[in-house]
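Asks: I'd like to ask some things about the structure below.
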Amino acid sequence: MALRCLVTGGAGFLGSHLSDRLIERGHSVICVDNLQTGRLSNIAHLLGNPAFEYRQHDVIAPLEISGRIDRIYNLACAASPPKYQRDPIHTFQTCVFGILNMLGLAQREGARILQASTSEVYGDPEISPQPESYRGVVNTVGPRSCYDEGKRAAETLMHDFHEARGVDIRIARIFNTYGPRMDPGDGRVVSNFVTQALSDKPITIYGDGMQTRSLCFMDDLIEGLIALMESETVGPEPVNLGNPGEFSVGEIARIVRDMCNSRSQIVHSERPVDDPHQRCPDIGRARRMLGWAPTVSLTEGLAPTIAYFRSELGLVGREIGG
Ligand code: NAD
Ligand code: UDP
Numbered sequence: 001m002a003l004r005c006l007v008t009g010g011a012g013f014l015g016s017h018l019s020d021r022l023i024e025r026g027h028s029v030i031c032v033d034n035l036q037t038g039r040l041s042n043i044a045h046l047l048g049n050p051a052f053e054y055r056q057h058d059v060i061a062p063l064e065i066s067g068r069i070d071r072i073y074n075l076a077c078a079a080s081p082p083k084y085q086r087d088p089i090h091t092f093q094t095c096v097f098g099i100l101n102m103l104g105l106a107q108r109e110g111a112r113i114l115q116a117s118t119s120e121v122y123g124d125p126e127i128s129p130q131p132e133s134y135r136g137v138v139n140t141v142g143p144r145s146c147y148d149e150g151k152r153a154a155e156t157l158m159h160d161f162h163e164a165r166g167v168d169i170r171i172a173r174i175f176n177t178y179g180p181r182m183d184p185g186d187g188r189v190v191s192n193f194v195t196q197a198l199s200d201k202p203i204t205i206y207g208d209g210m211q212t213r214s215l216c217f218m219d220d221l222i223e224g225l226i227a228l229m230e231s232e233t234v235g236p237e238p239v240n241l242g243n244p245g246e247f248s249v250g251e252i253a254r255i256v257r258d259m260c261n262s263r264s265q266i267v268h269s270e271r272p273v274d275d276p277h278q279r280c281p282d283i284g285r286a287r288r289m290l291g292w293a294p295t296v297s298l299t300e301g302l303a304p305t306i307a308y309f310r311s312e313l314g315l316v317g318r319e320i321g322g
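Going letter by letter, the sequence shown gives residues 1 to 322 in UniProt numbering.
Okay, structure coming up:
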């Protein structure tokens, strides 16, 4: 059945790929975005497609949609730490008022709603890998709190609207995801390292580089999001989506430098406050309930990502290394 899907944050990195996949599958998409970190260039190819509608709107304000809505994917929220920390009050409002507005819409329309939650709900975890049952260690009063606590509060609102008002919910706890259409200037580890390596500028490791992240290629993640939304068995409990392949930030820097054939030096600077030491998803629940697991290795995913950044930076002539 063709579904009418609302994608908030649809002009962003993940939201634009999600919109593509939904339209490829015969659905229609209403993309809602305030362009805070998203870019119209991410959705330029969809503008004019009758299955795609773009609405510039900030989700902290109520949203009226005419006609039925079957699915709401709530992705609106800057994901990069420097970006979400620029206006922390607005980030918190986006998380909390945004999901409240979308849950109200879901309730009125009888739509199923998926929240793009995050591994940040685990904060700086004491166990690894992190299963969904782990409750996390999160600072309520630090630079990351607006995002981490905003996303935790959004999960609570999802749960409460499900319990008290019967809204059909899905919660995806997304771990670090990368790929083409990331904003080269957004300050995340992959975008920084690749743009630095491609321009032979120093690769900036924050701290000693021993902290770890598990990086998921966007194709895998989008498959997981849609599988979670369409699963009839998974229920309202959160589901981790990410690639369990865990790398230290130092390893990521060296892999990127080699793949870019770069002469960049690797330099170290101060570690950001509350930067988590380790992060690795336990994806047992997604495997069992969705039959989902990532298929793209880090080097396989970095190749098209590097090609994308090279074209964004207007660089030509440097081949990808092994
Ligand atoms: P992104 O910054 O590229 O996309 C976020 C989009 O939301 C942008 O288009 C931005 O303009 C829009 N937006 C932000 N605030 C808004 C508001 N108040 N009203 C309307 N639109 C707003 O980030 P992304 O990587 O595509 O992340 C998408 C979602 O996935 C986010 O909710 C993020 O928290 C979540 N997530 C992403 C990752 C990741 O590694 N990419 C990891 C965990 C969770
Ligand atoms: N990081 C880094 N150099 C950079 C950007 C990020 O060393 O130029 C580190 C950062 O300190 C963190 C990891 O890479 O330990 C992932 O950072 P990112 O901002 O991508 O995501 P998050 O911290 O939200 O997982």
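Here a beta-carbon is modelled for each residue, glycine too, at the ideal position from N, C-alpha and C.
For F52 versus V29, is the C-beta distance shorter than 8 Å?
Replies: yes
Asks: Are at least three pairs of beta-carbons, each pair with one atom in the region 115-135 and one in the region 153-170, less than 8 Å apart?
Replies: yes
Asks: Are the region 241-251 and the region 157-170 touching, with three or more C-beta to C-beta distances below 8 Å?
Replies: At 8 Å Cβ cutoff, the stretches do not touch.
Asks: Using only alpha-carbon positions, find the residue among P184, S80, E230, I99 that is nearest to N42.
Replies: P184
Asks: Would G224 count as contacting chain D if we go by Cβ distances under 8 Å?
Replies: No chain D is present in this structure, which holds just one protein chain.
Asks: Along the alpha helix (DSSP H) that carries V96, what are the first and last residues, could you check?
Replies: 88-109
Asks: On the criterion of 16 or more Cβ atoms from any shown chain inside 10 Å, does P202 qualify as buried, or is it exposed?
Replies: exposed
Asks: Give the C-beta separation of L290 and V234 to the nearest angstrom, bearing in mind that I take them to be a contact with Cβ-Cβ under 8 Å.
Replies: 7 Å
Asks: Write down every uninterrupted run of the alpha helix (DSSP H) in the region 210-259 whose length is 4 residues or greater and which is fully enclosed by it, in chain order.
Replies: Listed in chain order, they are 218-230, 249-259.
Asks: Per DSSP, V296 is paired with what?
Replies: Paired residues: none, contrary to the question.
Asks: Mark H17 as exposed unless 16 or more other C-beta atoms lie within 10 angstroms of its C-beta, in which case mark it buried.
Replies: With 16 or more other Cβ atoms within 10 Å, it is buried.
Asks: Apart from the five residues on each side of it in sequence, which residues of its chain come closer than 7 Å, Cβ to Cβ, to M210?
Replies: Taking C-beta separations shorter than 7 Å and ignoring five residues to either side along the sequence, the partners of M210 in its chain run S248, G250, following chain order.
Asks: Checking the sheet assignment: what are the DSSP bridge partners for I169?
Replies: I113
Asks: Could you tell me which residues DSSP puts in a beta bridge with V121?
Replies: Answer by DSSP bridge pairing: none, since V121 is not bridged.
Asks: Express the C-alpha separation of R173 and Y206 in angstroms, rounding to a whole number.
Replies: 25 Å
Asks: Rounded to the nearest angstrom, what separates D87 and L46 at their Cα positions?
Replies: Distance between the alpha carbons of D87 and L46 is about 30 Å.
Asks: Measure the beta-carbon distance from L35 to A11 and round it to whole angstroms, keeping in mind my assumption that it falls under 8 Å.
Replies: 6 Å
Asks: Spell out the partners DSSP gives R55 in its beta bridges.
Replies: DSSP, once it has assigned bridges, lists V32 as partnering R55.
Asks: Could you compute how far the alpha carbon of H57 sits from the alpha carbon of A78?
Replies: 15 Å
Asks: Flag Q211 as yes when its Cβ comes closer than 7 Å to any non-hydrogen atom of ligand 4, and as no otherwise.
Replies: Of the ligands this structure carries, namely ligand 1 and ligand 2, none is ligand 4.
Asks: Could you tell me the alpha carbon to alpha carbon distance between I69 and L225, rounded to whole angstroms?
Replies: 18 Å
Asks: Do F175 and P276 have their C-beta atoms within less than 8 Å of each other?
Replies: No, these two residues do not count as a Cβ contact at 8 Å.
Asks: Below 8 Å on the Cβ atoms is my contact criterion, and I expect N212 with E246 to pass it. Report the Cβ-Cβ distance as a whole number of Å.
Replies: Per the sequence presented here, residue 212 reads as Thr, with Asn not at that position. Yes, T212 and E246 are in contact; Cβ-Cβ is about 5 Å, under 8 Å.
Asks: So, helix, strand or coil for G321, using DSSP?
Replies: Low confidence applies to G321: its pLDDT is 49, below 50, so where it sits in the model is not reliable enough to give any reading.
Asks: By Cβ distance below 8 Å, which residues in the same chain neighbour P82 in space, the five residues on each side in sequence not counted?
Replies: D186, G187
Asks: At the level of alpha carbons, what is the spacing between G9 and D219?
Replies: 17 Å
Asks: With DSSP run on the structure shown, which of helix, strand or coil describes V141?
Replies: Of the three classes helix, strand and coil, the one that applies to V141 here is coil, per DSSP.
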